[in-house]
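> Numbering (this note's numbering), first residue to last: 3 to 254. Note that the Cβ used here is the ideal one computed from N, Cα and C, for glycine as well.
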């Protein structure tokens, strides 16, 4: 049985109630740290959104509206992860819910995307002149964000940012709402969110890299998670898996 931690002593405290949901400790799990991160993400989102909605800065080789959208989408995603967790899954909420400590590979991938955009914008500016590709990417990103947030809200306390290796007493199998269309809607949403951002940037290399990296990650994670879900829910999950797909290419 999972160890239960003391309940938060104050409404602003973010202290997960179970040991397996405790923060990693790389960021201070305090209201002050959370407010600072929220401020920085909000400021970043605002600057990116302003650049996007203004259509970029005229005569600037790098301050394009595509980059503004990417910056806003990135900041909005991380703020949204914490906000939705705090609103619908408070018992698992901590500083880690911002998902800013996703590992070196995650930050390298995002950095690579920005570097590719800047290099191609400077040396090959014509590569960024296909607005319909950016428009498709923006729509895909927004739909992916909606799907992920909707999945977290629908699952509520049944959702976890980490693979649950122990079944909590009130853990239930969620099959309604977006879970009736996608078996892992939060993963599907992020998969298309990531690809959408690279279409928005018109980054062909990063698009391929994101596709491969995200597919490998979710393919491995879904297999691991479904072993536990089958253990937790038995035939109920087996039947659900047979009838609802992931909608991620090559992951049935």
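With C-beta atoms as the reference, is residue 185 less than 8 Å away from residue 236?
no
> Reducing DSSP to helix, strand and coil, say where residue 178 ends up.
coil
> Would DSSP call residue 186 helix, strand or coil?
coil
> Thinking residue 100 and residue 80 are a contact (beta carbons under 8 Å), I'd like their distance in whole angstroms, please.
5 Å
> Runs of 4 residues minimum, wholly inside the stretch 89-163: which ones carry the alpha helix (DSSP H) assignment?
106-125, 133-157
> Mind checking who residue 250 pairs with in its DSSP beta bridge?
253
> Contact between the stretch 52-69 and the stretch 123-135: three or more CB pairs below 8 Å?
Short answer: they touch.
> Using only the alpha-carbon positions, how far apart do residue 292 and residue 204 sit?
With the chain covering 3 to 254 only, the question about residue 292 has no answer from this structure.
> Could you pull out every residue in the same chain whose Cβ sits closer than 6 Å to the Cβ of residue 176, ignoring the five residues on either side in sequence?
157, 160
> According to the Cβ coordinates, are residue 44 and residue 54 closer than 8 Å?
no
> Looking at residue 68 and residue 130, is the spacing between their C-beta atoms short of 8 Å?
Cβ atoms of residue 130 and residue 68: closer than 8 Å.
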